[in-house]
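Trainee: In this note's numbering, the protein residues as written are 482 to 636.
The C-beta atom is built at its ideal place from N, Cα and C for all residues, glycine as well.
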Amino acid sequence: MPLLLTIITDPNPVLRKKSRKLDPKKLKTRQIQELCEDMVLTMLKKDGVGLAAPQIGKNIRVITVNTKDGAICMINPEITKRSWLKEWGAEGCLSIPGVFGQVRRHKKVDYSYIDGSGKTIKMSAAGLLARVLQHEIDHLDGILFTDKARDIIRN
Numbered sequence: 482m483p484l485l486l487t488i489i490t491d492p493n494p495v496l497r498k499k500s501r502k503l504d505p506k507k508l509k510t511r512q513i514q515e516l517c518e519d520m521v522l523t524m525l526k527k528d529g530v531g532l533a534a535p536q537i538g539k540n541i542r543v544i545t546v547n548t549k550d551g552a553i554c555m556i557n558p559e560i561t562k563r564s565w566l567k568e569w570g571a572e573g574c575l576s577i578p579g580v581f582g583q584v585r586r587h588k589k590v591d592y593s594y595i596d597g598s599g600k601t602i603k604m605s606a607a608g609l610l611a612r613v614l615q616h617e618i619d620h621l622d623g624i625l626f627t628d629k630a631r632d633i634i635r636n
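What follows is the structure in structure tokens.
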């Protein structure tokens, strides 16, 4: 049964470390499956649209994203192509509660990741999904949205 995880908040140093890739040979372990299930539950219960492993204290390259088709766990996600066009949009973060700001992101991205069965998936995203992917992958590189934001509002 999935567990609700504790989300760490800024300025915890884990949020500033670059996360390591997972060995594809070890992806089918029960431990990774449970981590994905726990992260999805936590993201949904906290009303998030995405969650990265560093936000739960693990510096590994795993994210969950809530899409229109349901929640997905992505292992070793990478953005492989970015559109030239960028747009400003509002962002917040579960690890920086009560803070919001405008962040300029690529409108479209191509990306790849490994799913829970070890299969490599390649897709394209635009709009909110593209924004969420960029935000969550930034977490894996130790970057917070406030590093890029303007017009920051603190509630």
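Assign A630 to one of three DSSP states: helix, strand, or coil.
Mentor: Within the sequence shown, the letter at position 149 stands for residue 630. Coil.
Trainee: Secondary structure at I537, three-state DSSP: helix, strand or coil?
Mentor: Numbered from its first residue, the sequence shown carries residue 537 at position 56. Correct three-state label for I537: helix.
Trainee: List the residues that DSSP assigns as beta-bridge partners of H587.
Mentor: Residue numbering aside, residue 587 sits at position 106 when the sequence shown is read from its first letter. In DSSP, H587 forms a bridge with K567.
Trainee: Tell me where the alpha helix (DSSP H) around T523 begins and ends.
Mentor: By one-based count along the sequence shown, residue 523 stands at place 42. That run of the alpha helix (DSSP H) goes R511 to K526.
Trainee: In chain order, what residues of the same chain lie with their CB nearer than 8 Å to the CB of K589, ignoring the 5 residues before and after it?
Mentor: Here the question's residue 589 lines up with position 108 in the sequence shown. Cβ neighbours of K589 beyond the five flanking positions: R563, S564, L566, S605, A606, A607 and A611.
Trainee: Classify K506 as helix, strand or coil using the three-state DSSP reduction.
Mentor: Translated into the one-based positions of the sequence shown, residue 506 becomes position 25. Residue state, collapsed to three classes: helix.
Trainee: Measuring CA to CA, which of S593, N547, G538 and N636 is closest to F581?
Mentor: Here residue 581 refers to the residue found at position 100 when the sequence shown is read from its first residue. Checking every option, the nearest Cα to that of F581 belongs to N636.
Trainee: Once the 5 residues before and after R501 are set aside, which same chain residues still bring their CB inside 8 Å of it?
Mentor: In the sequence shown, residue 501 corresponds to position 20, counting from 1. Excluding sequence neighbours, R501 sits near N540, I541 and R542.
Trainee: Where does E617 land, buried or exposed, given buried means 16+ other C-beta within 10 angstroms?
Mentor: Counting from one through the sequence shown, the residue named residue 617 turns up at place 136. So E617 counts as buried.
Trainee: Evaluate contact between the region 545-552 and the region 568-581, counting only Cβ atoms and requiring at least three cross-stretch pairs below 8 Å.
Mentor: Touching, no, given that fewer than three Cβ pairs across the two stretches are closer than 8 Å.
Trainee: Could you give the first and the last residue of the continuous beta strand (DSSP E) run that contains V546?
Mentor: Within the sequence shown, the letter at position 65 stands for residue 546. Residues V543 to T548.
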